[in-house]
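Throughout, the working numbering is defined as the position within the sequence shown, counted from one, plus 160. The beta carbon of each residue, even a glycine, is placed where N, CA and C say it ideally should be. Beneath this line is the structure, given in structure tokens, with notes to follow.
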Amino acid sequence: MAEGADRLFAWPEAVWVEEGPGLAGYAPEYAVDEETQTQFVEWGEGGRRRVIEVDQVLESTPETFAFVDRSGERWRFRELTLERYRQHVRPQTMLQPDFDSREAMLEAMRAEW
């Protein structure tokens with residue numbers, strides 16, 4: 161992938177991991193190591209920073225960022241809206257916590273950092 165292929169994705173403050181071993185992440189970032197040209201995606205998850213080496217970018221649109229990591233695992237990120245949280249993330253967390261607004265959800269994610 162050429163450097164800059166990530167630029168179409170909006171890189172929102174929080175993402176829903178639609179495909180891949182994860183639920184949601186805070187403050188996602190894409191980076192390229194200047195010396196090796198190795199691509200990385202990283203985000204906050206559960207009070208820690210998760211870093212994944214990108215092997216191939218499959219899709220980069222304003223709404224979606226999809227890639228394959230070095231182990232062959234496929235990942236797909238989309239913006240984490242309150243509706244997506246309630247439909248996809250909350251059921252995996254024993255229905256806790258619930259939020260009245262997206263801002264309250266983001267504030268809770270910020271508090272982990």
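I think residue 236 touches residue 179, with their Cβ atoms under 8 Å apart; what is that distance to the nearest whole Å? 4 Å
Throw me the rounded Cβ distance for the residue 240 and residue 175 pair, which I believe falls under 8 Å. 5 Å
Measuring straight from C-alpha to C-alpha, what distance separates residue 212 and residue 218? 15 Å
Rounded C-alpha distance that separates residue 334 from residue 194: Residue 334 lies beyond the range of the chain shown here (161 to 273); nothing can be said about it.
For residue 196, the nearest candidate out of 181, 214, 202 (CA to CA): Comparing C-alpha distances from residue 196 to each of 181, 214, 202 shows the shortest one belongs to 214.
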